[in-house]
Each structure stands twice: as structure tokens, then as C-alpha cells.
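Taken in sequence, the protein lines are chains H and F. Using UniProt numbering, you'd call the opening residue of the first sequence number 1 and step up by one each time. Using UniProt numbering, you'd call the opening residue of the second sequence number 1 and step up by one each time. Where a beta carbon is used, it is the ideal one built from N, C-alpha and C, also for glycine. Since the model is a prediction, treat every value here as computed from it, not as a measurement. One structure is given here, and the rest of the page talks about it.
Number of protein chains: 2
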Amino acid sequence: MITVAEALAAVLELGAPLEQEFVPLGEADGRVLASDVAATRNQPPFSASAMDGYAVASTDVSEGDRFKVIGEAAAGHRFTGAVSVGEAVRIFTGAPLPEGATRVIIQEDVLRQGSTITLRGNLDEGLHIRPAGGDFAVGDIIAAPRRLGPSDVALLASMNIAQVPVRRQPVVAIVATGDELVQAGEVPRDDQIIASNSLGLAAMFRRAGAISRVLPIAKDTPTSLKMALSLAEGADLLVTIGGASVGDHDIVADVAETLGLERQFYKVAMRPGKPLMAGRIGKMAMIGLPGNPVSSMVCGEIFVRPLLDRFLGLPASARRRTSMPLSKPLPANAGREHYMRAVGANGAVAAFDRQDSALLTVLSQANALIVRPPNDPARNVGDMVEVITL
Amino acid sequence: MITVAEALAAVLELGAPLEQEFVPLGEADGRVLASDVAATRNQPPFSASAMDGYAVASTDVSEGDRFKVIGEAAAGHRFTGAVSVGEAVRIFTGAPLPEGATRVIIQEDVLRQGSTITLRGNLDEGLHIRPAGGDFAVGDIIAAPRRLGPSDVALLASMNIAQVPVRRQPVVAIVATGDELVQAGEVPRDDQIIASNSLGLAAMFRRAGAISRVLPIAKDTPTSLKMALSLAEGADLLVTIGGASVGDHDIVADVAETLGLERQFYKVAMRPGKPLMAGRIGKMAMIGLPGNPVSSMVCGEIFVRPLLDRFLGLPASARRRTSMPLSKPLPANAGREHYMRAVGANGAVAAFDRQDSALLTVLSQANALIVRPPNDPARNVGDMVEVITL
Numbered sequence: 001m002i003t004v005a006e007a008l009a010a011v012l013e014l015g016a017p018l019e020q021e022f023v024p025l026g027e028a029d030g031r032v033l034a035s036d037v038a039a040t041r042n043q044p045p046f047s048a049s050a051m052d053g054y055a056v057a058s059t060d061v062s063e064g065d066r067f068k069v070i071g072e073a074a075a076g077h078r079f080t081g082a083v084s085v086g087e088a089v090r091i092f093t094g095a096p097l098p099e100g101a102t103r104v105i106i107q108e109d110v111l112r113q114g115s116t117i118t119l120r121g122n123l124d125e126g127l128h129i130r131p132a133g134g135d136f137a138v139g140d141i142i143a144a145p146r147r148l149g150p151s152d153v154a155l156l157a158s159m160n161i162a163q164v165p166v167r168r169q170p171v172v173a174i175v176a177t178g179d180e181l182v183q184a185g186e187v188p189r190d191d192q193i194i195a196s197n198s199l200g201l202a203a204m205f206r207r208a209g210a211i212s213r214v215l216p217i218a219k220d221t222p223t224s225l226k227m228a229l230s231l232a233e234g235a236d237l238l239v240t241i242g243g244a245s246v247g248d249h250d251i252v253a254d255v256a257e258t259l260g261l262e263r264q265f266y267k268v269a270m271r272p273g274k275p276l277m278a279g280r281i282g283k284m285a286m287i288g289l290p291g292n293p294v295s296s297m298v299c300g301e302i303f304v305r306p307l308l309d310r311f312l313g314l315p316a317s318a319r320r321r322t323s324m325p326l327s328k329p330l331p332a333n334a335g336r337e338h339y340m341r342a343v344g345a346n347g348a349v350a351a352f353d354r355q356d357s358a359l360l361t362v363l364s365q366a367n368a369l370i371v372r373p374p375n376d377p378a379r380n381v382g383d384m385v386e387v388i389t390l
Numbered sequence: 001m002i003t004v005a006e007a008l009a010a011v012l013e014l015g016a017p018l019e020q021e022f023v024p025l026g027e028a029d030g031r032v033l034a035s036d037v038a039a040t041r042n043q044p045p046f047s048a049s050a051m052d053g054y055a056v057a058s059t060d061v062s063e064g065d066r067f068k069v070i071g072e073a074a075a076g077h078r079f080t081g082a083v084s085v086g087e088a089v090r091i092f093t094g095a096p097l098p099e100g101a102t103r104v105i106i107q108e109d110v111l112r113q114g115s116t117i118t119l120r121g122n123l124d125e126g127l128h129i130r131p132a133g134g135d136f137a138v139g140d141i142i143a144a145p146r147r148l149g150p151s152d153v154a155l156l157a158s159m160n161i162a163q164v165p166v167r168r169q170p171v172v173a174i175v176a177t178g179d180e181l182v183q184a185g186e187v188p189r190d191d192q193i194i195a196s197n198s199l200g201l202a203a204m205f206r207r208a209g210a211i212s213r214v215l216p217i218a219k220d221t222p223t224s225l226k227m228a229l230s231l232a233e234g235a236d237l238l239v240t241i242g243g244a245s246v247g248d249h250d251i252v253a254d255v256a257e258t259l260g261l262e263r264q265f266y267k268v269a270m271r272p273g274k275p276l277m278a279g280r281i282g283k284m285a286m287i288g289l290p291g292n293p294v295s296s297m298v299c300g301e302i303f304v305r306p307l308l309d310r311f312l313g314l315p316a317s318a319r320r321r322t323s324m325p326l327s328k329p330l331p332a333n334a335g336r337e338h339y340m341r342a343v344g345a346n347g348a349v350a351a352f353d354r355q356d357s358a359l360l361t362v363l364s365q366a367n368a369l370i371v372r373p374p375n376d377p378a379r380n381v382g383d384m385v386e387v388i389t390l
């Protein structure tokens with residue numbers, strides 16, 4: 001058996017960042033920025049008013065001061081003249097500050113009569129000016145790699161980046177194997193079960209930024225397996241589920257080897273999981289996950305998602321690991337790294353009592369995995385543990 | 001001014017759960033379950049072996065015991081006979097347990113010679129049987145409402161729910177308003193800026209489960225605004241950006257009122273934000289967000305997302321609020337509820353120094369908002385604060 005770290009390092013060897021492509025900004029959310037992008041303008045592009053009020057040329061003002069209103073500046077409509085001492089320009093939020101103006105008096109602090117304003121008492125002391133370039137300046141960059149979110153989309157828009165350089169999405173072909181499996185919607189015989197992992201993993205990989213292709217279930221025969229694996233052609237990654245163990249009925253490795261697979265490893269010292277296979281068939285990476293429902297989902301999280309991150313050009317550290325205090329004690333761990341299904345709430349985390357790797361109900365209730373190192377001693381409430389957010 | 005809680009309660013009045021529709025399980029990830037679904041089968045559907053090994057009829061066995069191998073059971077291929085004392089059935093992980101079997105001896109603990117097995121020493125003590133219905137039983141439900149994730153998809157598959165009852169996705173029409181705005185990709189005049197919020201909010205609402213429709217930018221004229229708002233027809237929710245303040249140039253409310261809007265409120269005691277509008281035009285809900293970049297994104301988070309949850313039939317408590325300790329002190333808060341851009345890491349959270357509501361760069365770096373109540377005193381490192389995860 002090899003360690004999880006050794007297995008993960010081997011898996012990451014199978015991938016490299018995919019090529020760059022450009023997408024319209026409206027489709028960039030969730031994609032991974034492939035090259036730094038630089039602002040071609042300042043934001044704000046001009047010094048602007050932060051409030052509705054009156055722009056004046058004096059910063060030192062007091063109650064009773066009077067100003068002559070000489071014009072108006074609105075968002076999108078600059079006042080083209082300059083403002084001098086004793087003058088004011090009616091101004092609205094977001095409007096360019098007129099030349100000469102150094103302060104905006106908010107409208108609540110002003111009494112206006114005709115074209116004259118008089119300042120009231122208890123003046124708001126703010127200048128209410130947003131300086132040009134205060135958010136970002138020409139040449140400021142958004143650094144790649146970065147998985148883009150809604151706020152990044154807004155920022156890219158304000159930088160006027162209409163076409164965004166992103167990594168191509170990896171295509172993942174998913175093949176569930178086993179004579180016992182039927183697709184959801186079919187009627188299983190009494191010794192059969194529904195293939196659950198392929199659809200669950202497809203959803204997980206899509207959330208990670210991949211394009212998932214669920215292929216037909218393969219029976220435990222070389223002919224059926226070769227047929228299913230041939231349908232994976234053109235994918236960046238082939239993920240098989242089941243048939244990666246050492247049982248007499250686990251023929252995925254044998255068949256994949258006839259297709260040119262160089263197998264990299266076989267058993268990983270982890271719970272849930274253990275049987276795992278990785279390699280490459282021609283240009284396509286391949287990962288064989290265990291068939292156990294929870295094992296396949298956890299190994300998808302621990303091995304496949306980091307590989308997808310690698311295809312997307314993200315560093316391994318992009319994985320969402322954190323540390324949290326326990327809200328419930330944990331027994332000592334045995335010799336394999338253990339990924340315990342858990343619930344995090346209010347800054348603390350607790351593992352479920354039932355950790356059997358067949359329990360999808362428990363996984364479905366979990367929002368986190370607690371990572372236990374091999375031979376980790378018993379832990380008490382308040383002890384910090386490593387956590388993967390699901 | 002009204003409080004955030006009052007404003008949110010008024011906003012939630014604008015929506016009600018949308019109708020139910022059925023989607024194929026492969027498209028159910030991220031959708032919200034609209035009705036309870038019940039398992040029509042047990043999982044496992046039969047008592048099954050948890051390991052590769054030999055099924056025997058004795059739980060009390062010891063080194064040197066011998067058994068005659070009378071057959072084989074594999075996943076998908078039940079052994080149809082029964083096993084008696086002194087007999088064993090070769091069995092593989094996931095295979096149905098033969099009648100009479102009460103324990104599985106793992107293959108590593110067995111010496112096999114022809115059709116006889118002899119037990120080795122240091123026997124693994126586990127029974128290695130997964131009882132029928134151990135994960136879920138006929139009639140066990142997944143309770144609605146629930147936003148479905150990859151593990152739920154796997155669970156639904158194993159329950160053989162091929163068509164999933166979910167809420168229809170709310171359609172949100174988004175209109176940015178203002179003479180100063182141009183679309184990303186265009187060349188702005190020197191008193192113009194790029195419309196950033198519409199694309200950022202569209203991405204946020206999509207992530208929340210909505211279908212976002214970004215409409216053309218409306219100029220600050222009744223004709224342009226009426227034109228843009230008319231394009232929203234058929235949406236469940238119209239979100240306008242900008243023009244909801246009390247400045248002379250904020251005409252969204254006036255125009256919306258001519259279209260039948262019953263305006264519900266106007267100013268909210270919050271930072272960033274303040275100008276906000278809500279109401280209903282015919283059957284369509286309407287929310288007017290402030291035009292300030294960060295204000296519109298934060299108000300989208302605080303008001304629009306809960307309303308989308310309501311359309312999706314999710315309880316208001318589904319919002320992801322938690323409490324975390326501060327890793328950096330905070331100054332006292334003034335009279336408005338303050339949503340501070342912050343970064344959470346390793347179970348603690350720190351606010352950015354720069355909280356100006358025009359700074360998209362800061363929002364883009366934030367992964368959390370710290371919620372400060374009005375007049376909250378200064379807070380120290382370690383004090384617990386309310387946090388919204390972004």
C-alpha cells in the first residue's frame with residue numbers, strides 16, 4: 001500500500017494545464033483565468049462624487065457660508081467649466097468632480113434658494129470624493145490562475161475586459177462497471193443495484209469546472225469494458241468506477257492494460273477507498289475509483305478534483321482545506337488516513353458516528369470531511385483537525 | 001430609514017414558492033427538491049458482503065477451521081443455494097450474502113487448497129456484512145425543500161428516483177440604468193464607466209439557482225427606461241441597478257410607478273447600500289438596487305438571494321450565516337447595519353481596512369461579509385461575529 005500523498009503526487013503527474021481559450025465575460029463565472037489581465041483604465045476613471053450634493057472649491061467651510069450655483073454635474077454628464085472659491089456645482093453620486101472642486105457638501109447640509117446655497121450647522125465632515133484610480137489604476141492586474149466568481153466578473157467588467165482568457169474545461173468520461181449495476185429508471189433484478197456514483201461524480205466534476213460525459217455502464221466482460229472505454233475517446237480524463245480492486249471479478253485493470261494503460265499504483269492506505277488505479281492510455285489520463293458508493297465520492301474529492309484543478313492550471317493548494325476545532329471527541333485512528341464524514345457548524349466540526357463506506361445517506365448529510373492522519377491518537381472537543389469543505 | 005430586517009421581511013413578501021417540475025436526475029444537481037421523495041427499495045437491497053472472501057454459516061470460528069467451498073457469489077450474480085455449517089461460498093465485495101451465511105472471512109485470512117479453505121491465525125474479527133436496508137429502507141425519504149448536491153444525486157440514484165420533483169428556476173431580468181454606463185467591450189467617453197454590476201449579479205443569481213437575463217442598459221430617460229423594463233416581461237423578478245436614490249436624476253421609481261409599481265420602501269439603514277426599492281409590477285416582483293458597485297453586489301446578497309430562496313421554496317434560514325472569531329480587531333460601528341468585506345481563513349475572520357463601497361477590488365478579494373449590528377461596540381481579536389460566506 002502507498003500513502004495518500006504518494007498516490008496524489010502520482011495522480012497529479014497525469015495532468016498538465018490545458019490550453020487557453022477566450023470566453024465572453026458573461027460566460028466567465030466559474031472558469032479559471034489563464035493569463036493575467038491588466039486594467040486599461042482607471043477606476044473611477046475620474047475623481048467622482050460619492051454623494052448627492054454640491055461640489056465646492058473649499059475644504060474649510062462652516063455654517064452660514066454661501067455659494068453661487070453655477071452649473072450641474074450628473075453621472076455621465078460632466079460639468080465642463082471650473083469651480084472657483086464662492087461657487088458651487090450641483091452634483092450627483094458618481095458624477096465627475098468639476099475642475100477646481102475639492103469637497104462635496106451633501107445636500108442634506110444645504111439650504112438652497114434660487115441659485116444660492118447656504119450651509120446648515122452640524123456639517124458632515126467628509127469630503128465625499130472618490131479619487132481617480134482609487135479602486136484600480138491602468139496596469140493593475142488580476143493575476144492568473146484564479147477561479148472567477150461573481151465579484152471577479154463585476155471587476156473584469158469595470159476593467160472593460162469583455163473577452164476573458166481562461167483554461168479550456170477538461171472533459172471527463174465516466175464509466176461505471178459491474179454486472180450488478182443498472183441505470184436509474186430501470187428495474188433492477190433482486191441481486192442488482194442502481195448505478196449511483198456515475199451521476200454523483202458527474203455533478204461533482206461539473207462543479208469543479210469540468211465537462212462530464214457519463215458513458216454506458218460496462219459489464220464485467222472484456223468485450224463490454226472495451227466497448228465502454230472506447231467511447232471515452234477524446235476525453236482528457238477517463239474515470240472508471242469499480243473493478244479496481246484485487247478481486248477475481250475486477251477486470252478493469254486487465255482490459256485497460258490491453259488498451260495501453262501503464263498502471264501506476266493499486267492500493268492506497270486510506271479509508272474509505274483503498275483500491276485505486278491511475279495511469280494513462282495514450283494521451284488520456286485514467287483514474288480507477290473503488291465501486292463502493294462513499295469511497296468513490298470521497299476518492300473523487302481527494303484525487304480527481306485536484307487533477308481537475310491541475311488541468312485548469314490551479315495550484316494544488318487551491319484545495320479547500322482548513323482547520324477547525326472539534327465539537328465532539330474522536331477515537332484513535334488506525335494505520336490508514338481516514339476521511340470521516342462530518343458536519344461543520346458555527347466554526348466547529350463533528351464526525352458522524354456511522355462511518356461505513358456504504359452509507360450514502362450519511363455522505364448526503366455531510367458538509368465536510370475530517371482528515372485523520374494514520375495512527376492519529378484520540379482527539380477531544382476543541383482539538384484542531386484538518387477539514388475539507390464539501 | 002427602515003432596518004435591514006424590516007426591508008428583508010418586505011422583500012420576502014414579494015415572492016412565493018414557484019411551481020414544481022420534473023427533471024432527469026442527471027440535471028438535478030443544484031436544483032431544489034420540491035416534494036419529499038421516498039425510497040422504493042432497500043439499500044443495500046440484500047445483505048451483502050463488504051469484502052472479498054468466503055461466506056460461512058458460523059460467526060464463532062478460529063485458526064485451523066476448515067470449510068468446503070460449495071459455490072461462488074459475485075456482485076450481480078447471487079449464489080442460489082444455502083450455506084450450512086462447515087461450508088463456505090467464495091464471495092466478492094457487494095455480492096448478495098448466501099442464505100444461511102452469517103460472516104465473511106476475508107480472503108487474506110484463508111489458505112485455499114482445491115475446494116477446501118483453512119483459516120489462518122490472527123483472524124480479522126469483523127463480520128464484513130452490510131445488512132439489507134442499512135443505508136436506507138423502503139419508505140425512507142429525502143425531505144423537501146433541499147438544495148441538491150452531488151452526494152444527493154448519488155443517493156437519489158441509489159433510491160432509483162430517475163425523475164426528480166424540483167422547483168422551477170426563477171427567471172430574473174436585470175436592468176442597469178444610467179447615462180454614465182456602457183457595456184463591457186464598448187469604448188466609454190471620459191465621463192462614462194463600464195456597467196459592471198449587471199454581469200456580476202447575473203452570475204450571483206445563477207449560482208443561487210436562477211435563470212438570469214441581462215437586459216440592455218437603460219438611459220436616464222422615461223422612454224429608455226420604459227423600453228428596458230418592458231423587455232423584462234415574463235420574468236419572476238425584475239432587478240434594476242441604480243436610479244433608486246433620491247437624487248434628481250433617479251427616475252427609476254417614477255417610471256416603474258407609471259407601470260403600476262407599488263413601491264414598498266426606499267432607504268435601508270445599512271452600509272453599503274441605503275437606497276433600495278421593492279414592489280410589484282403586476283405579477284412580477286421588483287427590487288431596485290443601488291448603483292454603487294459594491295452596494296449592488298452586497299444588496300444582491302442580502303436581499304435578492306433570500307428572495308430567490310423563497311421562489312425556490314427554501315426557508316429564510318437557508319442563508320449561509322455562521323459565527324466566527326475575529327483575527328483582527330474592529331472599530332465601533334455607527335447607526336447602520338454594516339456588511340464588512342472580509343477574509344475568513346483557518347476558522348477566523350478579518351475585515352479589510354478599506355471598506356469604501358466603490359472598491360470592487362476589495363470585494364473580489366473577500367470571501368465573507370462580517371455583519372455588524374447598528375451601534376455595535378469595538379470588537380477584539382477572538383470575539384465572535386456573524387459571518388456570511390460568499
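Measuring CB to CB, does residue i end up less than 8 Å from residue j?
{"i": "V171(F)", "j": "D236(F)", "result": "yes"}
{"i": "G260(F)", "j": "S295(F)", "result": "no"}
{"i": "L360(F)", "j": "S230(F)", "result": "no"}
{"i": "S158(H)", "j": "I193(F)", "result": "yes"}
{"i": "V89(H)", "j": "A101(H)", "result": "yes"}
{"i": "residue 454(F)", "j": "G279(F)", "result": "With chain F represented from 1 up to 390, any question about residue 454(F) goes unanswered, as that position is not in the structure."}
{"i": "L155(H)", "j": "S198(F)", "result": "no"}
{"i": "G347(F)", "j": "T322(H)", "result": "yes"}
{"i": "T116(H)", "j": "K68(H)", "result": "yes"}
{"i": "A73(H)", "j": "E99(H)", "result": "no"}
{"i": "R41(F)", "j": "N160(F)", "result": "yes"}
{"i": "L12(F)", "j": "A316(F)", "result": "yes"}
{"i": "R78(F)", "j": "P96(F)", "result": "yes"}
If residue i and residue j are in contact, beta carbons under 8 Å, what's the gap, nearest whole angstrom?
{"i": "V32(F)", "j": "L314(F)", "result": "6 Å"}
{"i": "S370(H)", "j": "V381(H)", "result": "The residue asked about is misnamed: residue 370(H) is Ile in this sequence, not Ser. Going by Cβ atoms, the distance from I370(H) to V381(H) rounds to 13 Å, so no, they are not a contact pair."}
{"i": "D191(H)", "j": "F46(F)", "result": "7 Å"}
Tell me which same chain residues have a C-beta within less than 6 Å of the C-beta of residue i, skipping the five on either side of it?
{"i": "D140(F)", "result": "A39"}
{"i": "A232(F)", "result": "A173 and L238"}
{"i": "G94(F)", "result": "A48 and A75"}
{"i": "A218(F)", "result": "V175, T177, S224, L225 and A228"}
{"i": "G288(F)", "result": "T240, A244, V252 and M277"}
{"i": "S62(F)", "result": "none"}
Can you name, in chain order, every residue of its own chain whose Cβ lies under 8 Å from the Cβ of residue i, other than the five neighbours on each side?
{"i": "A162(F)", "result": "P24 and L25"}
{"i": "V164(H)", "result": "F22, V23, P24, L25, A28, R31, L33, V37, L148 and L156"}
{"i": "V4(F)", "result": "V268, A269, M270, I302 and E337"}
{"i": "Q20(F)", "result": "A34, S35, P165, V166, R167 and R168"}
{"i": "A366(F)", "result": "R341, A342, V343, F352 and L390"}
{"i": "Q107(F)", "result": "M51, D52, G53 and Y54"}
Within its chain, find whatever has a CB closer than 7 Å to the CB of residue i; leave out the 5 residues flanking it on each side and keep chain order.
{"i": "A368(H)", "result": "A342, V343, G344, V349, V387, I388, T389 and L390"}
{"i": "G200(H)", "result": "M297"}
{"i": "G15(F)", "result": "A285, L307, R310 and F311"}
{"i": "I91(F)", "result": "S49, G53, Y54, A55, A73 and V104"}
Which residues of chain A have a Cβ atom closer than 8 Å to the Cβ of residue i, listed in chain order?
{"i": "F46(H)", "result": "No chain A is present in this structure, whose protein chains are H and F."}
message: Quick check: the segment 351-364 of chain H against the segment 128-137 of chain F, are at least 3 beta-carbon pairs closer than 8 Å?
response: yes
- prompt: Are the segment 328-338 of chain F and the segment 40-56 of chain F touching, with three or more C-beta to C-beta distances below 8 Å?
  reply: no
task: Please list the segments of the alpha helix (DSSP H) lying wholly inside the segment 303-371 of chain H, counting only runs of 4 or more residues, in order along the chain.
output: 305-311 and 360-365
field: Any 3 or more C-beta pairs closer than 8 Å across the segment 148-156 of chain H and the segment 122-133 of chain F
entry: no
message: Restricting to runs no shorter than 3 residues, where is the beta strand (DSSP E) found entirely within the UniProt domain "MoaB/Mog" (173-310) of chain F?
response: 211-214, 237-241, 277-281 and 284-289
- prompt: At a cut of 8 Å, does the segment 201-214 of chain F reach the segment 172-183 of chain F through at least three beta carbon pairs?
  reply: yes
task: Give, in chain order, every unbroken run of the beta strand (DSSP E) that is at least 3 residues long and sits entirely within the segment 16-80 of chain F.
output: 20-24, 53-56 and 66-73
message: Quick check on the DSSP output: what are the complete alpha helix (DSSP H) runs of length 4 or more inside the segment 116-168 of chain F, in order along the chain?
response: 150-158
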